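Student: Take this structure first; my questions come after.
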Amino acid sequence: MNSNEQTFSPRGPIIVFSALIFLTIATVMLSGLDIGNIGALIIAMSVASVKAGLVLYFFMHLNHEPLIFKLFVALAFVTLATLFLLTFSDYAFRGIA
Amino acid sequence: METANSTNYFNSHTGSRWTSGIMSWLTSTDHKRIGVMYGFTMFTFFFLAVCLGFLIKLQKFYPAASGWEIIPVEWYGSFFTLHSVIMIFLFIVPGAPAVLGNFFLPLQIGAKDVAFPRVNLLSYWLYLFGAIMAVVGILLGGADTGWTFTPPYSVTTRTISMFGTQFDSVSWMLTAAFILGWGTILTGINFIITIHRMRTKGMSYFKMPLFSWSIYAASWIQVLATPVVGITLLMIVLERMMPVGFFDPNKGGDPILFQHLFWIYSHPAVYVMILPSMGLVSEIIPTNSQKPIFGYKSIAIASCSIAGVGYLIWAHHMFATGMSDVASIIFSFLTFFVAIPTAIKVFNWIATLYKASIALTPPMLFALGFVFNFSIGGLTGMFLGSLSTDIHLHDTDFIVAHFHYTMFGGAAFGIIGGIFHYFPKMFGKMYSHKLANATFGFMFTGFNALFIPMFILGFYGMPRRYHTYPDIPLFTTLQQASTIGSWILVIGVILMFVTWIHGLRKGQISNEENPWNSSTLEWQTASPPTLYNFEEDPVVTRHPYDYDAFRAEVKAGTSKGARDE
Amino acid sequence: MSEQAVTVEAFHHHDEEGTRLGFWLFLFTELLLFGAFFIVYGVYRSAHLNDFKIAAESLNTGIGTTNTIILLASSLTVVLSLNAMRAGRVKLAKTMLLITMALGTTFLIIKGFEWNAKFAHDLYLQTSGAIAAGKGSPLLTPGPEMLPNGQVLFYGLYFIMTGTHALHIIIGAVWMGIVYYWIAKGSINPENVGVLERCALYWHLVDVIWIFLFPLYYLVA
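Structure, rendered in structure tokens:
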């Protein structure tokens, strides 16, 4: 990124911010619905993932970074997801969950 | 140094305002100095832990009825805890990456230093601080939780210090482990970025020497697994101090969850211990065979896949805990997959030896010892990875023998072999080969005599962590054989130190760049290496283990080979 | 050592992209550190679903939403600060950084009130009732009535997770203060934004973690 070439424009970040606020309000509203435990969890986590994705991609400038940054981020999240999945291979079948 | 006008890392260094004395080492950001400091500190702790191990084995020399008591019963737990904490957290985890990785990773890829030299120094300071904290803590309070800190015992135990005061040495040790963890995380980050960003011209990923590849794989584990255990250990500290019950079944918690989180780190961590040693063996074997390593790419990829699969198999430490059967089956199944890349490596090393003119130098002896010991360690791991045999062998001496075969016979033999391999490069002096060969003889014999009986003892039901045993003839005989093995091993360890100290003080001064006639890049700089590693940035044009091209280069005078050839 | 010992300038090599990549790796360690918390939360939530729901209802969704919006706004201002600095508008960058710090502080103050309310309701002290007499910290007297195990776990996790998060906010805000000073001194300038950039990345990561904490504690009740 060549820093001096850029001109300052708040437009892009503000659009992303508006989307984030919209999603926040949406998720609060949706939490009022009576759709059962799993449904509520899925909706809340999906919205949170989209929000996190927006922050990572735009605010943290992953969109301007080379491929290697994106691969690293993917690796970190895949690792975390794997840990979750395998841990729950125990708890989902233990009879206490 | 003899050549006073050349600037090597002994007479000049970077990043510190002290020009000489110990402070010029402790504040230097030169990766070579940091590597040597790690080595010095680590082997000091190693010796302490060997002494503890010697006493633990001595305690087992006579059965219970004899009244033999070298270590008081109430101290036995603290002894093996300190032995394991030092060996794992202070010796073998930082081991090869911190000493030889720091010193040789930049040399192997033609860099001037690691990516973040000051962070590198911080890692060493964190290591030193955590190490002193752990050792002081256990001496003051005598934690006897084992290095795994498994609750509920680690939460409920209250230790009394030698001086009669209450000292919470368990919390203290947990905090020390947390600090040590940050040291290894920062080292891992440093190495990954160094490999990605600082390779010299022409050094593409598949032209990197295999030790660098293994360091790369191990570094990822350090970065992605260590934080999990760090926070888990702090949760134990919180649980000890505050009325929360994360791992207390009386308060709705689940002690098995701690084991999950602990082994999420600690299983991949065994690959942090073994991978760099495998990398060192992959350097030593082609050098002493004077031919290209068999299946270079498959070894490089195997390193990464060991690291990857290593993440998926942690709960095979927990088959006997009451985890769900489904999880046990999944984890047992996945465990067998890690044998594949491991076996590929062993196969490739053996295949490299085929029809080679093998030089049985001291590092080569250790490398071959590694392959032998590690094969035993790895294959007995398969016994333990199978569900039903594990239930029988769990928490017996069998498992103690298994992990000593991988961690000592494997990882430590690799590190020691690596130091014998790189000694002339690091210090510009050659140790006595006679002493070094004797070291190997004693260590290899003693090691096997010590741990083979423990396989049999464990198979017949001798539990681990026990202070003594009943007077059954089989047990007594095997225990005594094992203890005698430990004496031979200790002689080997002492000889190792004698060899090194003798080599440093009286060793034959050789500024020869490439005494083993090795084809990789780190041997092309001066011995000891100059300040910024290379006089000018090297350009890599060939495969690291292409011995035909290397011999041609030596003949043409563009590369430095062994002088007596 | 030899008498000719000399000290040479530390090896400096400026590689902004490499440093940034290294900083991302550091952020992953933070992510996995919280990841362990999330695993613990997930396991105990599935084991004590009803208790978690009851306990979660005692948390004020309004406060949680307000704090979420505050943090998101602070993420916006810090990204504007970075963009402004890159475009050479130093003064605007400084203002935006100040606003970010102010928003972070507001978040902490609100969080403090929220924690304080929980303490006042004796929720925390009641959890101490679960510990057997004589064990644990002498500062905490056993509460009159014990909450069900699941709720104790919920509050324990709530305090430790939001507490660790708040600690990160404090670290981020202090770091921003230092960055502000360096901008004022001129060592961070439009040609050299690396430190500001990493500080912003750190702040965003703390925000990302809150994005997940918020629904888990305030919404899925």
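Protein chains in written order, with the numbering used here: chain A, 648 to 744; chain B, 25 to 589; chain C, 4 to 224. Even for Gly, the Cβ is constructed at its ideal location relative to N, Cα and C. Since this is a predicted model, take the numbers as computed values, not measurements.
Measure the Cβ-Cβ separation of residue 479 of chain B and residue 422 of chain B and say whether it is below 8 Å.
Tutor: As a first step, residue 479 of chain B is located in the second sequence; it is residue number 455 there, counting from the start. As a first step, residue 422 of chain B is located in the second sequence; it is residue number 398 there, counting from the start. In this structure, residue 422 of chain B lies closer than 8 Å to residue 479 of chain B by Cβ.
Student: Whole angstroms are fine: how far does the CA of residue 107 of chain B sit from the CA of residue 81 of chain B?
Tutor: The residue you call residue 81 of chain B lines up with position 57 of the second sequence. The residue you call residue 107 of chain B lines up with position 83 of the second sequence. Approximately 12 Å between the Cα atoms of the pair.
Student: Leaving aside the five residues before and after residue 542 of chain B along the sequence, list all residues of the same chain whose C-beta is less than 6 Å from its C-beta, in chain order.
Tutor: To locate residue 542 of chain B, count along the second sequence from 1; it is residue 518. So the list reads 311, once near-sequence residues are dropped.
Student: List the whole-angstrom C-beta distance separating residue 122 of chain B from residue 33 of chain B, where the pair is believed to meet the contact cut-off of C-beta under 8 Å.
Tutor: As a first step, residue 122 of chain B is located in the second sequence; it is residue number 98 there, counting from the start. As a first step, residue 33 of chain B is located in the second sequence; it is residue number 9 there, counting from the start. Not really, about 16 Å apart at Cβ, beyond 8 Å.
Student: Mind checking if residue 275 of chain B is an interface residue toward chain C, Cβ cutoff 8 Å exclusive?
Tutor: By 1-based counting over the second sequence, the position of residue 275 of chain B is 251. Closer than 8 Å: yes.
Student: Are the CB atoms of residue 110 of chain B and residue 167 of chain B within a distance shorter than 8 Å?
Tutor: The count along the second sequence starts at 1 and reaches residue 167 of chain B at position 143. The count along the second sequence starts at 1 and reaches residue 110 of chain B at position 86. Going by C-beta atoms, residue 167 of chain B is not nearer than 8 Å to residue 110 of chain B.
Student: Our contact map puts residue 557 of chain B next to residue 129 of chain B with C-beta atoms below 8 Å; I'd like the distance itself, whole angstroms only.
Tutor: Counting from 1 along the second sequence, the entry for residue 557 of chain B is found at position 533. Counting from 1 along the second sequence, the entry for residue 129 of chain B is found at position 105. Contact doesn't hold; Cβ gap of about 11 Å is too wide.
Student: Exposed or buried, residue 562 of chain B, counting other C-beta atoms within 10 Å across all chains shown (16 or more means buried)?
Tutor: The count along the second sequence starts at 1 and reaches residue 562 of chain B at position 538. Buried: at least 16 other Cβ atoms inside 10 Å.
Student: Taking only runs of the alpha helix (DSSP H) that begin and end inside the segment 61 to 135 of chain C, which ones reach a length of at least 4 residues, in chain order?
Tutor: Here the runs fully enclosed are 64 to 89, 93 to 123, 126 to 131.
Student: Name the chain B residues whose beta carbon is nearer than 9 Å to that of residue 729 of chain A?
Tutor: What you label residue 729 of chain A is simply residue 82 of the first sequence in a count that begins at 1. Neighbours of residue 729 of chain A on chain B, chain order: 335, 336.
Student: Taking C-alpha atoms, which residue in C/108, C/212, C/28, C/92 lies nearest to residue 655 of chain A?
Tutor: Position 8 of the first sequence, counting from 1, holds the residue named residue 655 of chain A. When each option's Cα is compared against that of residue 655 of chain A, the closest is C/92.
Student: From the DSSP secondary-structure annotation, give me the bridge partner or partners of residue 532 of chain B.
Tutor: Taking the second sequence and counting its residues from 1, the one referred to as residue 532 of chain B is at position 508. According to DSSP, residue 532 of chain B bridges with B/454.
Student: Out of B/307, B/574, B/386, point me to the one whose CA is closest to residue 234 of chain B's CA.
Tutor: Counting from 1 along the second sequence, the entry for residue 234 of chain B is found at position 210. Out of B/307, B/574, B/386, B/307 has the C-alpha closest to the C-alpha of residue 234 of chain B.
Student: Check residue 671 of chain A in the structure and name its three-state DSSP category.
Tutor: For the purposes of this step, residue 671 of chain A is taken as residue 24 along the first sequence, with counting starting at 1. In this structure, residue 671 of chain A counts as helix in the three-state DSSP scheme.
Student: Does the segment 331 to 341 of chain B come close enough to the segment 367 to 374 of chain B that 3 or more CB-CB pairs lie under 8 Å?
Tutor: no
Student: Helix, strand or coil for residue 554 of chain B per DSSP?
Tutor: Against the second sequence, residue 554 of chain B aligns to sequence position 530. DSSP places residue 554 of chain B in strand when its eight states are reduced to three.
Student: Once the 5 residues before and after residue 239 of chain B are set aside, which same chain residues still bring their CB inside 7 Å of it?
Tutor: The residue labelled residue 239 of chain B in the question sits at position 215 within the second sequence. Once the five neighbours on either side are set aside, the close Cβ partners of residue 239 of chain B are 121, 125, 129, 215, 300, 303.
Student: If you compare alpha carbons, which of B/343, B/89, B/253 is closest to residue 494 of chain B?
Tutor: If you number the second sequence from 1, residue 494 of chain B lands on position 470. It is B/89 whose Cα lies nearest to the Cα of residue 494 of chain B.
Student: So is residue 740 of chain A in contact with chain B if we call contact Cβ pairs under 8 Å?
Tutor: The residue you call residue 740 of chain A lines up with position 93 of the first sequence. Chain B, which has a Cβ nearer than 8 Å to the Cβ of residue 740 of chain A, makes this yes.
Student: How far does the alpha helix (DSSP H) with residue 22 of chain C in it reach, from first residue to last?
Tutor: Within the third sequence, numbered from 1, the residue matching residue 22 of chain C stands at position 19. 19 to 50 is the extent of the alpha helix (DSSP H) around residue 22 of chain C.
Student: Could you work out which residues of chain C lie near residue 163 of chain B, taking near to mean beta carbons separated by less than 7 Å?
Tutor: Taking the second sequence and counting its residues from 1, the one referred to as residue 163 of chain B is at position 139. Here the premise fails: no neighbours, minimum Cβ distance about 25 Å.
Student: Looking only at C-alpha atoms, which of B/79, B/53, B/255 sits nearest to residue 288 of chain B?
Tutor: On the second sequence, position 264 is the one that residue 288 of chain B refers to. Residue 288 of chain B has its Cα closest to that of B/255, out of B/79, B/53, B/255.
Student: Using beta carbons (cut-off 8 Å, strictly below), is residue 675 of chain A in contact with chain C?
Tutor: Looking up residue 675 of chain A in the first sequence gives position 28. The beta carbon of residue 675 of chain A falls within 8 Å of a beta carbon belonging to chain C, placing the residue at that interface.
Student: Please identify, using Cβ separations under 7 Å, the residues of the segment 205 to 217 of chain C that lie next to chain A, in order along the chain.
Tutor: Going along the segment 205 to 217 of chain C in chain order, one finds 207, 210, 211, 214, 215 with a Cβ nearer than 7 Å to chain A.
Student: Expressed to the nearest angstrom, what Euclidean distance is found between the alpha-carbon atoms of residue 141 of chain C and residue 181 of chain B?
Tutor: Position 138 of the third sequence holds residue 141 of chain C. Position 157 of the second sequence holds residue 181 of chain B. Only weak support is given to the placement of residue 141 of chain C: the predicted model assigns it a pLDDT of 38, under 50, and the question is left unresolved by the model.
Student: Among B/296, B/358, B/313, B/390, which residue has its Cα nearest to the Cα of residue 378 of chain B?
Tutor: Residue 378 of chain B sits at position 354 when you count from the first residue of the second sequence. Per the Cα distances, B/313.
Student: Does the beta-carbon of residue 21 of chain B have 16 or more other beta-carbons within 10 angstroms, so that it is buried, or is it exposed?
Tutor: Since the first residue shown for chain B is 25 and the last is 589, residue 21 of chain B is missing from the structure and cannot be characterised.
Student: Take every Cβ of the segment 152 to 162 of chain B, pair it with every Cβ of the segment 196 to 207 of chain B, and state whether three or more of those distances are shorter than 8 Å.
Tutor: yes
Student: Going straight from the alpha carbon of residue 114 of chain B to that of residue 508 of chain B, what length do you get?
Tutor: Numbered from 1 along the second sequence, position 90 holds the residue referred to as residue 114 of chain B. Numbered from 1 along the second sequence, position 484 holds the residue referred to as residue 508 of chain B. One C-alpha to the other measures close to 26 Å.
Student: Starting from residue 421 of chain B, trace the alpha helix (DSSP H) in both directions and tell me its first and last residue.
Tutor: Taking the first residue of the second sequence as position 1, residue 421 of chain B is located at position 397. Where residue 421 of chain B is concerned, the enclosing alpha helix (DSSP H) stretches over 421 to 430.
Student: Taking only three categories from DSSP, how would you classify residue 193 of chain C?
Tutor: Here residue 193 of chain C refers to the residue found at position 190 of the third sequence. Note: residue 193 of chain C maps to coil in three-state DSSP.
Student: Pop quiz: residue 260 of chain B and residue 159 of chain B are said to be a contact at Cβ under 8 Å. What is the actual Cβ separation, rounded to whole angstroms?
Tutor: Residue numbering aside, residue 260 of chain B sits at position 236 when the second sequence is read from its first letter. Residue numbering aside, residue 159 of chain B sits at position 135 when the second sequence is read from its first letter. Residue 260 of chain B to residue 159 of chain B, Cβ: 20 Å. No contact.
Student: Name the chain C residues that come within less than 8 Å of residue 745 of chain A, Cβ to Cβ?
Tutor: A question about residue 745 of chain A goes unanswered here, because the residues of chain A that appear run from 648 up to 744.
Student: On the DSSP letters alone, give me the boundaries of the alpha helix (DSSP H) that residue 142 of chain B sits inside.
Tutor: In the second sequence, counting from the first residue as 1, residue 142 of chain B sits at position 118. Counting along the chain, the alpha helix (DSSP H) containing residue 142 of chain B begins and ends at 141 to 165.
Student: Under a CB-based cut-off of 8 Å, is residue 92 of chain C close to chain A?
Tutor: Residue numbering aside, residue 92 of chain C sits at position 89 when the third sequence is read from its first letter. By this cut-off, residue 92 of chain C is an interface position.
Student: Can you list the residues of chain C that residue 664 of chain A reaches, using a CB-CB cut of under 8 Å?
Tutor: Here residue 664 of chain A corresponds to residue number 17 of the first sequence, with the count starting at 1. Result: 75, 76, 78, 79.
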